[in-house]
């Protein structure tokens, strides 16, 4: 009984009833969103840093054929979007993939997805806040305004940069250079002075040496990141109507700028730049698939606004599909214009839209200022939509008892989840002040893809319950289509890369001082995807699964496999932290769990499971997150690297053992023993 207890589902009728009752809340959310508003929110969430930065690197790898990459990523997203739309039309409740998983896969998977979505919304917004800060300070520098380095850099980056390279900067200063002169130099000029110098190193030195001090503590923080977080959190707190108007205005301005770039750039296109169309072949085009997918992240956030839609059954699916379609068209047109204006070889820059209007392209410098402003606006709109989504996710989890009741409290005046909004702001603001979280970018992508995969799987599990009802996603028999596609893909891989095919199967070649295990670990994601593909193909043959969710599941898991073993470890760390909280609070307080005679308070075995998974997370975090290493070394400088490696293995092993033992012990108990 115990194991099945973890996978208790909520019926669609029960989910709707709980939302209407509000679990004690008498104040509902305000329904003000229509198709136009949802489409604009979707575009606001999708078009962000991806269109302003990643499109350049993708074009540099794939050439003009990068348009095919955007189409492929759009198709992969479309499969997932259709599955989201299927659930959204049947379960018009705030909570997104979390609510859908609760209805189709059970409580434990729902908790994992709810916890996973925090990666996309809240933790993803930490990266957005830091990126926005970079764009904003760059825009200010373009107008001759410079903020002190200690106000634009996180504490750990400043400490690390100063401690590792202070001698190189000090030597340059002793040779007659001033700190302001070094800050004004580009990477090439600094490397000519010393190989150890770079813009980030000089900024770290400047931040550390010029920061005001409070005792021994240097006051270094990313102030613009804090500012955007406070402003957007306040806007979301005030209400969805105000957030809607702001998002619509910012999105309209952003679209106008992108259309300006496309239309104006079309006059400077040289068709010769489109030849060769795919200079690096199919492999070159597909090499940036996961990165390009990042440019599409965001449309799923619309499903968290279900309770604020005027007609969620119709408007939510339409808003998702329309926003995805509009963004795909814009991405493809922009890719064609950029690769037509300059050679694809020159597009490997961080600001490709501004670059093509510089001396290498159209030579229209006034456009660069407009693009800088639009980039700041683009990041702000993405931040706003995700900041709207996270509180509503926590509200849904609180209604189910998996989080404390205060997370579902609705403000009597503004009719927004006020406490969840404040907590979201703190979760984003505090780390953004002090941490350099470049490592969470891939973590955000893997978390999003994981959620997409679960939603696609959820549609497959609910197919029998949907029966012959009218579906948003049409049923197409995959019995022979999917196995045939798998065989065709396998044959193509073997035909075009025979040597690589056999090397993958038969050889383990360590590179750059790697151990044999480290070399093998790089293959684990691909092996896992191949195994899943075989299992899904067999299920299609036997169960005649619906084609669209199957293709969505396979596309998303393929992109996950491209993100590498280290990112899988980081994601596992996050899931272990979530399991610790689930067994420490959610399992006991779950509303459907209380109906199943679960314990009403924390038992020794549940406490054991919670502590165990937390220890496992700490052990894996030491090996997979650089900033965790830096914090430990900073706090305990006497610990050597070799001791840290032993510590991470011991903590991870013992933690998993304790966590699994505690959970298993609790789940094996009969209702009478509880």
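Residue numbers (my numbering): 131 to 804. From the three backbone atoms N, C-alpha and C, an ideal C-beta is built for every residue, glycine too. If you're wondering where the values come from, they're calculated on a predicted model, not measured in any experiment.
When the Cα of residue i is compared with those of the options, which residue comes out closest?
| i | options | result |
| --- | --- | --- |
| residue 175 | 703, 456, 483 and 539 | 456 |
| residue 714 | 363, 666 and 743 | 743 |
| residue 178 | 364, 293, 460 and 236 | 460 |
| residue 822 | 691, 712, 407 and 562 | With the chain running from 131 to 804 in the structure shown, residue 822 is simply not present. |
| residue 797 | 606, 735 and 787 | 735 |
| residue 366 | 502, 244 and 551 | 551 |
| residue 408 | 474, 223, 245 and 207 | 474 |
| residue 375 | 528, 605, 514 and 269 | 514 |
| residue 468 | 508, 510, 395 and 503 | 395 |
| residue 267 | 333, 732 and 291 | 333 |
| residue 256 | 557, 617 and 679 | 557 |
| residue 397 | 487, 606, 667 and 239 | 487 |
| residue 368 | 541, 793 and 689 | 541 |
| residue 223 | 147, 344 and 449 | 147 |
| residue 619 | 688, 603, 275 and 584 | 688 |
| residue 776 | 382, 406 and 753 | 753 |
| residue 453 | 466, 431 and 162 | 431 |
| residue 547 | 560, 583, 529 and 559 | 529 |
| residue 403 | 307, 192, 329 and 263 | 192 |
| residue 208 | 342, 791, 702 and 680 | 680 |
| residue 385 | 361, 458 and 342 | 458 |
| residue 531 | 503, 692 and 716 | 716 |
| residue 141 | 555, 221, 166 and 181 | 221 |
| residue 806 | 694, 339 and 320 | Outside the displayed range of the chain (131 to 804) lies residue 806, so it cannot be described from this structure. |
| residue 549 | 364, 138 and 788 | 364 |
| residue 168 | 378, 718, 337 and 187 | 378 |
| residue 701 | 246, 492, 187 and 136 | 246 |
| residue 293 | 788, 603 and 767 | 767 |
| residue 337 | 307, 321 and 291 | 291 |
For residue i, which beta-bridge partners are listed by DSSP?
| i | result |
| --- | --- |
| residue 439 | 163 |
| residue 343 | 348 |
| residue 691 | Paired residues: none, contrary to the question. |
| residue 539 | Bridge partners of residue 539: none, in fact. |
| residue 607 | 676 |
State yes or no: is the C-beta of residue i within less than 9 angstroms of the C-beta of residue j?
| i | j | result |
| --- | --- | --- |
| residue 698 | residue 664 | no |
| residue 258 | residue 516 | yes |
| residue 218 | residue 521 | no |
| residue 774 | residue 762 | yes |
| residue 470 | residue 410 | no |
| residue 611 | residue 677 | yes |
| residue 524 | residue 544 | no |
| residue 230 | residue 588 | yes |
| residue 242 | residue 708 | yes |
| residue 415 | residue 658 | no |
| residue 309 | residue 335 | yes |
| residue 228 | residue 450 | no |
| residue 429 | residue 211 | yes |
| residue 494 | residue 464 | no |
| residue 269 | residue 506 | yes |
| residue 440 | residue 163 | yes |
| residue 703 | residue 751 | yes |
| residue 492 | residue 181 | no |
| residue 490 | residue 472 | yes |
| residue 501 | residue 603 | no |
My understanding is that residue i touches residue j, with C-beta atoms under 8 angstroms, so please give their C-beta distance in whole angstroms.
| i | j | result |
| --- | --- | --- |
| residue 326 | residue 295 | 5 angstroms |
| residue 433 | residue 273 | Contact doesn't hold; Cβ gap of about 39 angstroms is too wide. |
| residue 749 | residue 705 | Their Cβ separation, rounded to whole angstroms, is 14 angstroms, which puts residue 749 and residue 705 out of contact at 8 angstroms. |
| residue 592 | residue 234 | 5 angstroms |
| residue 720 | residue 237 | 6 angstroms |
| residue 423 | residue 206 | 7 angstroms |
| residue 739 | residue 793 | 4 angstroms |
| residue 104 | residue 232 | The first residue shown for the chain is 131 and the last is 804, placing residue 104 beyond what the model contains. |
| residue 563 | residue 355 | 7 angstroms |
| residue 381 | residue 574 | Not really, about 21 angstroms apart at Cβ, beyond 8 angstroms. |
| residue 667 | residue 613 | 4 angstroms |
| residue 331 | residue 299 | 7 angstroms |
| residue 302 | residue 323 | 5 angstroms |
Against chain D, does residue i count as a neighbour if the rule is that its beta carbon must be under 9 angstroms from one of theirs?
| i | result |
| --- | --- |
| residue 205 | In summary, chain D is missing from the structure at hand, where a single protein chain is found. |
If contact is defined by three or more beta carbon pairs under 8 angstroms, each pair taking one atom from either stretch, is the segment 570-581 in contact with the segment 242-254? Flag = yes, the segment 242-254 and the segment 570-581 touch.
If you pair each beta-carbon of the segment 332-350 with each one of the segment 276-283, do three or more pairs fall below 8 angstroms? When Cβ pairs closer than 8 angstroms are counted between the two stretches, the segment 332-350 is seen to touch the segment 276-283, the count reaching three or more.
Do the segment 435-452 and the segment 196-203 meet, that is, are 3 or more Cβ pairs less than 8 angstroms apart? Touching, no.
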